[in-house]
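J.:
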Amino acid sequence: MSESAPRTLGAVLYPQFELLDLYGPLEMFGALEKEIRIVTVAEKKGPVASTPGVETVARYDFDDCPRLDLVLVPGGIGTLPQLANEALLGFLRKRSASAELTMSVCSGSALLARAGLLDGRRATSNKMYFQVARSQSDKVRWVTAARWVEDGPFATSSGVSAGTDMALAVIAKLFGPARAEQVAIGTEYTWHRDADRDPFAQYLDKAGAVLSS
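Going by the numbering used here, the first residue of the sequence shown is number 16, and it counts up by one from there.
#1: Is it right to say Ala-195 is buried, meaning 16 or more other beta carbons lie within 10 angstroms of its own, or is it exposed?
#2: Identify which residue in Ser-176, Lys-49 and Ile-200 has its Cα closest to the Cα of Ala-20.
#3: Based on DSSP bridge pairs, tell me the residues matched to Arg-137.
#4: Give the single residue among Val-88, Gly-68, Thr-71 and Gly-105 whose Cα lies nearest to the Cα of Phe-77.
#5: For Ala-216, tell me which candidate among Ser-140, Gly-191, Asp-166 and Glu-203 has the shortest Cα-Cα distance.
#6: Do the segment 29-40 and the segment 55-65 make contact, defined as three or more Cβ pairs closer than 8 Å?
#7: Does Glu-70 pass the burial test, meaning 16 or more other C-beta atoms within 10 Å, or should it be called exposed?
#8: Leaving out the 5 sequence neighbours to the left and right, which residues in its chain are closer than 8 Å to Val-54 when beta-carbon positions are compared?
#9: Can you give the Cα-Cα distance for Lys-142 and Arg-52, rounded to whole angstroms?
#10: Just to confirm, are Asp-36 and Val-175 a CB contact at a threshold of 8 Å?
#11: Under DSSP, the beta strand (DSSP E) around Thr-55 begins and ends at which residues?
#12: In whole angstroms, give me the CA-to-CA distance for Met-118 and Ser-124.
#13: Buried or exposed: which applies to Ala-170, given that a residue is buried once 16 or more other Cβ atoms fall within 10 Å of its Cβ?
#14: From the DSSP output, which residues share a beta bridge with Leu-87?
#15: Starting from Asp-166, trace the beta strand (DSSP E) in both directions and tell me its first and last residue.
#16: Please state if the CB of Val-120 and the CB of Gly-167 are separated by a distance shorter than 8 Å.
#17: Considering Cα atoms alone, identify which of Leu-87, Gly-131 and Ala-161 is closest to Gln-151.
#18: With which residues is Ser-172 paired in a DSSP beta bridge?
Set out below in structure tokens:
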């Protein structure tokens, strides 16, 4: 890759993805407009509704998507039906094989696990719905207490807002800590830098208890 050529980041969309899973990281990566080009991709081109109903337009489908250097997979309620979507799983297998880094937020790691991409690797997921990810593969070294986890060409984060911290860590890895700090300041975001500090680990698989309290 030429030093002047931006990396292409593919934001993967599917119905009822979690909005902040996607846009938290994209806000951080989007600050690097000269270094990173963001494209949106889904099984079919066009608008894709998030969990709150806000739509994001997929510019590309799985067949005409350009080469991706970085892949971002959000989680959300829509993860569950996508676990049986071989078109999406096949796309993730193919694109992760040629990408520099594949990232997931929240239950997005369940999709990576289902595709067999995390076998033998450390990974994490949304704490309140952790079993959704864990049940996809017993070959993954699931980390129950982590804000995010990096293992080789994969980075997986805990739930929703944790993806923003992971994105800044990836920016620091690719472009240096000073660049990541600049992005955090520019977005007035309090960056949680410690990947191992997970204040939500206490809620492991307690979604029902939390939502009913």
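Ideal Cβ positions, reconstructed from N, Cα and C, are used throughout, including at glycine.
T.: Let me lay it out:
#1: Ala-195 should be labelled buried.
#2: That would be Lys-49, whose Cα lies nearest to the Cα of Ala-20.
#3: Beta-bridge pairing links Arg-137 to Arg-156.
#4: Cα-wise, what sits closest to Phe-77 is Gly-105.
#5: Of the residues Ser-140, Gly-191, Asp-166 and Glu-203, the one whose Cα lies closest to the Cα of Ala-216 is Ser-140.
#6: The segment 29-40 vs the segment 55-65: in contact.
#7: Glu-70 is exposed by the Cβ-count criterion.
#8: Same-chain partners within the cutoff: Thr-23, Leu-24, Gly-25, Ala-26, Arg-74, Tyr-75, Cys-80, Pro-81 and Leu-83.
#9: The straight-line gap from Cα to Cα measures roughly 31 Å.
#10: It is a contact, given that the beta carbons lie within the stated cut-off.
#11: For Thr-55, the enclosing beta strand (DSSP E) begins and ends at 51-57.
#12: Cα to Cα, Met-118 sits roughly 8 Å from Ser-124.
#13: Its Cβ being crowded by 16 or more others within 10 Å, Ala-170 is buried.
#14: DSSP output for Leu-87 lists Ala-26 and Met-118 as bridge partner(s).
#15: Here the beta strand (DSSP E) through Asp-166 covers 163-166.
#16: Cβ distance not < 8 Å, so Gly-167 and Val-120 don't count as in contact.
#17: Taking the Cα of Gln-151 as reference, the smallest distance to any Cα among Leu-87, Gly-131 and Ala-161 is reached at Gly-131.
#18: Bridge partners of Ser-172: Trp-163.
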